[in-house]
Amino acid sequence: MSINLAYDRHYMQICLSLATRGWGTTLTNPLVGAVIVKDNRIVGQGLHWKLGEAHAEIIALIDAGTRARGATLYVNLEPCCCVGRTPPCVSAIVQAGIKRVVIGMIDPNPRVCGKGVEQLRTHGIEVSTGVLDQNVFDLNRAYSAFIARTTPYSIMKIAVSANGKISGFKHRYITGTPSLRYVHSLRSQVSAVLIGKNTVLCDDPQLTDRLVGRHDPARIILDPDLEIPIQARVLEPGVRRMIFTRSKNEEKIKILQDTGTEIIFFEGDLYPLSQLLPALRTMEIGSLLIEGGGMVFNEFYQEKVYDEIYLFMANQQTKEGLSLTEPLLNSIVSQDTRPQMVGEDRLYHVYRDH
0 MSINLAYDRH YMQICLSLAT RGWGTTLTNP LVGAVIVKDN RIVGQGLHWK LGEAHAEIIA
60 LIDAGTRARG ATLYVNLEPC CCVGRTPPCV SAIVQAGIKR VVIGMIDPNP RVCGKGVEQL
120 RTHGIEVSTG VLDQNVFDLN RAYSAFIART TPYSIMKIAV SANGKISGFK HRYITGTPSL
180 RYVHSLRSQV SAVLIGKNTV LCDDPQLTDR LVGRHDPARI ILDPDLEIPI QARVLEPGVR
240 RMIFTRSKNE EKIKILQDTG TEIIFFEGDL YPLSQLLPAL RTMEIGSLLI EGGGMVFNEF
300 YQEKVYDEIY LFMANQQTKE GLSLTEPLLN SIVSQDTRPQ MVGEDRLYHV YRDH
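If you want it as structure tokens, here you go:
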């Protein structure tokens, strides 16, 4: 490996580390970090913190000030060249006098997709692309999916006993604290968490990232007959709450709406995922963590509308309770033959073959 490539990878890794600090808050926007380097020293850095706020490149340029002239800009995603919620970054890069730009991945957004690189080169700026591109893609899978299709990026999180039970535990949780912290970290990375009404009625979850403290996602509940209590912890204010229902209980609906809970109506016995997921995307939900229960897991699996599965398997068994369907359990375990240990639990992580 050449020295220059080693430097490029080193600084790109710093960009990726910065970018992760925007998990959850960039929503439908990508995770982007930027570093400005001059004489092999970082003189400016930034990240995209929140949807609608300044992009990483702009923050890094402001941080660098006049030191940006003649420097190299590292950024994990191609700089934008169009007017959106913010002005184009390419113009600011040119005006700052940046000499070279190193990019991790070309932006899949058709409004940008190579045009940013072209404009930079037109202004005499040297551009290198594809540095740690697989790492960059992995970080922004949800963003790429949001650009390419009409549904959110969907992740299933399942916790089971050693014999495949998803309920009937003696204690509130079957898995240990390290696994709980891992789950809270996953929550902090997504736009919203989705559960069925039985999970609310049985567990009364909060669906926060309180063990991480980075970002509480929106909460989505599938409740056809509006059975969950108004006092359910999942309906506590502070984040966006949405209930999908067919209920015509006007009194309860009004109470919920007065608290800021969004009520989305559907017809029929079950809300079809073919309608649910596109509806969520139009509501600016770019990524989704599905946390139960069994019927919801099975529907996402059968319809093949999930992107990833995280299965946490405890080392203890339980006699009572519902079991995860065997096809789903066997599919996960057979795909990940070398599960990661999280505390005393086994974590099986698989991607759906698209």
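Letter by letter, the sequence shown follows residues 0 to 353 in numbering that gives the first Met the number 0.
Backbone N, C-alpha and C fix where the C-beta goes; we use that ideal spot for every residue, glycine too.
Closest residue to residue i among the options (Cα-Cα distance)
i: CYS112; options: LYS37, GLY175, LEU76; result: LEU76
i: TYR309; options: ASP202, TYR350, ALA278, GLU283; result: TYR350
i: TYR142; options: MET340, ILE331, ARG280; result: ARG280
i: ASN39; options: GLU52, PHE264, LEU60, HIS9; result: HIS9
i: SER16; options: GLU249, VAL74, ASP335, ILE58; result: VAL74
i: THR149; options: PHE296, PRO277, CYS14, SER333; result: PRO277
i: GLN133; options: ARG110, ILE154, ARG120, MET104; result: MET104
i: ILE254; options: LEU225, ILE58, VAL238, SER273; result: LEU225
i: PRO87; options: LEU119, ASP344, ALA67; result: LEU119
i: ASP215; options: ASP203, VAL238, GLN230; result: VAL238
i: ILE173; options: ASN314, THR336, THR198, VAL135; result: ASN314
i: LYS114; options: CYS14, PHE136, VAL93, PRO78; result: PRO78
i: THR65; options: ILE97, LEU50, ARG84, GLU56; result: ILE97
i: ILE124; options: LEU275, GLU307, VAL89, SER178; result: VAL89
i: ARG345; options: HIS54, THR176, SER127; result: THR176
i: VAL199; options: LYS169, HIS54, GLN230, ALA91; result: GLN230
i: ARG99; options: ARG110, THR121, PHE136; result: THR121
i: CYS14; options: ALA33, THR24, ASN28; result: ALA33
i: ALA144; options: ARG337, ALA59, ASN28, GLY69; result: ASN28
i: ALA70; options: ARG84, THR85, PHE136, VAL42; result: VAL42
i: ARG68; options: ILE331, LYS37, SER330, HIS348; result: LYS37
i: LEU30; options: SER330, PHE136, LEU72, ALA91; result: PHE136
Test item: CB-CB of residue i and residue j under 8 Å
i: ARG171; j: VAL211; result: no
i: LEU221; j: GLY259; result: no
i: LYS156; j: LEU26; result: no
i: SER187; j: TRP22; result: yes
i: ARG209; j: HIS183; result: yes
i: SER190; j: TYR305; result: no
i: PHE296; j: LEU327; result: yes
Cα-Cα separation, residue i to residue j
i: LYS303; j: ALA63; result: 46 Å
i: VAL116; j: MET282; result: 31 Å
i: GLN316; j: VAL82; result: 56 Å
i: GLU266; j: TYR6; result: 57 Å
i: LYS318; j: MET312; result: 15 Å
i: PRO223; j: ILE263; result: 10 Å
i: SER246; j: VAL101; result: 54 Å
i: ASP335; j: PRO107; result: 29 Å
i: GLY129; j: LEU138; result: 14 Å
i: ALA18; j: GLU250; result: 45 Å
i: GLY51; j: LEU234; result: 26 Å
i: VAL325; j: TYR300; result: It should be noted that the sequence gives Glu, not Val, for residue 325. For GLU325 and TYR300, the distance between alpha carbons rounds to 12 Å.
i: PRO109; j: GLN94; result: 24 Å
i: ALA147; j: LYS169; result: 44 Å
i: ASP202; j: LEU60; result: 48 Å
i: HIS54; j: LEU185; result: 23 Å
i: THR207; j: THR24; result: 14 Å
i: MET241; j: GLY293; result: 20 Å
i: GLU307; j: HIS348; result: 7 Å
Where residue i falls, given that 16 or more other Cβ within 10 Å makes a residue buried
i: ASP352; result: exposed
i: PRO228; result: exposed
i: LYS164; result: buried
i: GLN339; result: exposed
i: LEU4; result: exposed
i: ASN197; result: buried
i: SER333; result: exposed
i: GLU290; result: buried
i: PRO151; result: buried
Integer Cβ distance of residue i from residue j, believed to fall under 8 Å
i: GLY167; j: GLY320; result: 2 Å
i: ARG232; j: GLN205; result: 5 Å
i: VAL159; j: LEU323; result: 5 Å
i: LEU275; j: PHE243; result: 7 Å
i: ILE35; j: GLN44; result: 7 Å
i: SER178; j: GLY342; result: 6 Å
i: LEU193; j: GLN12; result: About 33 Å separates the two Cβ atoms, so there is no contact after all.
Chain D within 8 Å of residue i, Cβ atoms only
i: LEU50; result: Although the question refers to chain D, the structure presented lacks it and comprises just one protein chain.
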